[in-house]
Amino acid sequence: ATASPRVASLKGKSILTHAQFDKNTLDELFDVAKYLKKVVDEKGETNDLAGKYMAAVFYEPSTRTTSSFQ
């Protein structure tokens with residue numbers, strides 16, 4: 001699927017807070033997620049995200065966060 005210009009403009013940017021997104025951008029991101037789920041449900045897999053990386057970085061100590069990843 002081709003990303004909308006709004007979603008494509010997020011490429012390479014870090015997500016630091018929910019305030020970075022407006023309602024329309026979130027709606028479009030959820031549409032992309034629904035599309036990817038549909039592809040996986042139909043084909044069993046997709047290579048759309050091959051070679052991509054995601055990192056979850058936490059800047060403050062949290063027992064709950066630490067426990068959830070152990």
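For the sequence shown, position 25 (counting from the first letter as 1) is numbered 25 according to my numbering, and the numbering increases by one without interruption. Every residue gets a Cβ at the ideal spot worked out from N, C-alpha and C, and that includes glycine.
Please report the straight-line C-alpha distance between residue i and residue j, rounded to a whole angstrom.
i: Tyr53; j: Lys13; result: 13 angstroms
i: Gln20; j: Glu42; result: 33 angstroms
i: Ala56; j: Leu49; result: 17 angstroms
i: Ser9; j: Pro61; result: 31 angstroms
Who are the Cβ neighbours of residue i in its own chain at under 7 angstroms, not counting the five residues just before and after it?
i: Leu29; result: Val7
i: Tyr46; result: Note that residue 46 is Thr in the sequence shown here, rather than Tyr. Closer than 7 angstroms at the Cβ level, and outside the excluded window around Thr46, lie Leu36, Val39, Val40.
TODO: Enumerate, from N- to C-terminal direction, the unbroken alpha helix (DSSP H) stretches of 4 or more residues contained entirely within the region 11 to 69.
DONE: Qualifying alpha helix (DSSP H) stretches, in chain order: 23 to 43, 63 to 68.
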